[in-house]
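Only one structure is covered here, and it is reproduced in the block below.
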Amino acid sequence: GKLGTKEEIFKTAAEEADLQYQSQRLDLVLNIKNSWYDLYLVDKSLEIYHEYYDLLKDFVDAAAVKYATGEGIQAAVLKAQVEHASIQARIKELNRRRSNLQSALNRLRNQQGNIAPLTAIDSSGFAVNLQDAQAQALADRPEVAAIQSRKQRIGLENELAGKNYWPDFTLQATYISVEDKNTMATDAGKDAWSLMVGLNIPLWQAPRNAERERTIAAQNAEEARLQDLKIQIRENINDLIFRQASTHETIVLYKNELLPQAENSLASALAAYRAGRIGFLELLDAERMLLQLRLSFINEQVNYQKTVAALERAVGKRYE
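If you want our numbering, it's the position in the sequence shown, counting the first as 1, plus 1068.
Structure below.
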C-alpha cells in the first residue's frame, strides 16, 4: 500500500545520503594524500637545496682564494655569491611553504603538532588493466550507486503518485471504558466499542498527473546523469592509466640516464676545474644542471604518486 511505498522511499533516501557521505570521505582521503606528497616535495627540495647551499659555500671560498692569488676573476666570485644568496632565499621560501602545508594537512586530519620531514616514497611501477579498472569503478564507485539509488527513490515516488489515484480508506476503532457502572439505563455502565469507516475519493486529478510527469522527467534526467558519469569515469581512468605509465617511464629515465650522466658531467667538470682546464663559471653550470635534474626527479616522483592516488580514487581500489 501507500504506507509501504513511503517507507521504501525513506529507506532509499537514507541509502543515498550514506553513499554521498562515502564519496565525500574518499575525496578527503585523496586530499590528504596529495597534501602529504606536496609536503614530501618541499622536504626533499629543502634537502637538495641545503646540500647545494653547502657546496656553493665551498665554491665561493675556493673562487675567492683563486681571485686573491691572481688565478681567478672577480666575476666568478660575484657569480658564486649571487647564486649562494638566491639559494638562501629559496630555502626560506620553502620553509614558509612547508609551514603552510603542515597547517593545511593538520586541518584535514583534525590533528595538531609538527610533522617530521618525509624521507622517501615508493615510485615503483605496476600494470593496470584498463577494462578491469573501468568495470570495477562502475561497480564500486559510490557516485554511481548514489544515482542508481536516487533513480530507485524517484521510481518509488512515481509508484506512490500512481497509488494516489486510488481512494483512501480509513478504519478507526475506539474502546470506551465506562467508570460509573451504577446507572438504571439498559446496557448502561458497560464498556463499549466505537467503529468509524471513512472513504476519501480523489476527485481532482491534475495534481496527481503533475506528480507522475515530474517523477518520469526526473527519472529520465537521472538516467542521463548516470550515463554521463559512466563516460566520465571511463575517460578519466583511461587518462590516469596513461599518465601513470608515462610518468613512471620518465622516473626510470631520470634514474638510469639523466641523473647518472649529470653526476658524471659534474665530476668531470670538477676535475677539469682543479686542473685549471675550465673556469669557475663552467663548474657552476654543471652543478646547477645536476641541481635542476634532482629537483625535477623529485617532482616527477610526486606527480607519479598523485596520479596513483587519483587512480585509486577513480577505481575504488588501492594499488600496493
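The beta-carbon is built from N, C-alpha and C at its ideal position, and this holds for glycine as well.
Simplified DSSP assignment, three categories, for residue i
i	result
Q1240	strand
Supposed contact pair residue j and residue i - C-beta distance, whole angstroms, cut 8 Å
i	j	result
A1132	V1145	5 Å
A1081	R1221	6 Å
D1202	I1305	At residue 1202 the sequence reads Gln, which differs from the Asp that was named. That belief holds up - the Cβ atoms of Q1202 and I1305 are roughly 5 Å apart, short of 8 Å.
N1099	L1176	6 Å
Assigned exposure category for residue i - 16 Cβ within 10 Å defines buried
i	result
Y1387	exposed
A1285	exposed
H1118	exposed
A1343	exposed
A1195	exposed
K1125	exposed
E1075	exposed
L1351	buried
Y1089	exposed
Q1180	exposed
S1217	buried
Range of the contiguous alpha helix (DSSP H) that encloses residue i
i	result
V1196	Careful: V1196 lies outside any alpha helix (DSSP H) and carries neither H nor E.
T1147	Strictly speaking, residue 1147 in this sequence is Lys, with Thr absent from that position. Looking at the DSSP string, the run of the alpha helix (DSSP H) that includes K1147 is Q1142 to R1177.
E1350	F1348 to V1383
Y1060	Residue 1060 is absent from the structure shown; the chain starts at 1069 and stops at 1388.
Option nearest residue i by Cα separation, candidates the options
i	options	result
V1110	L1123, L1186, L1198 and R1177	L1186
Y1120	L1361, L1176, A1339 and L1321	L1361
Q1149	Y1105, L1094 and F1127	F1127
V1212	E1291, A1229, T1283 and Q1373	E1291
G1072	E1225, L1351 and V1320	E1225
N1182	L1359, D1190, I1189 and A1172	A1172
Q1369	E1317, D1353, L1338 and G1384	E1317
E1380	K1079, D1095 and A1085	D1095
Q1156	L1206, R1302 and L1114	L1114
A1143	A1205, G1347 and V1097	G1347
K1147	K1385, R1356 and T1375	R1356
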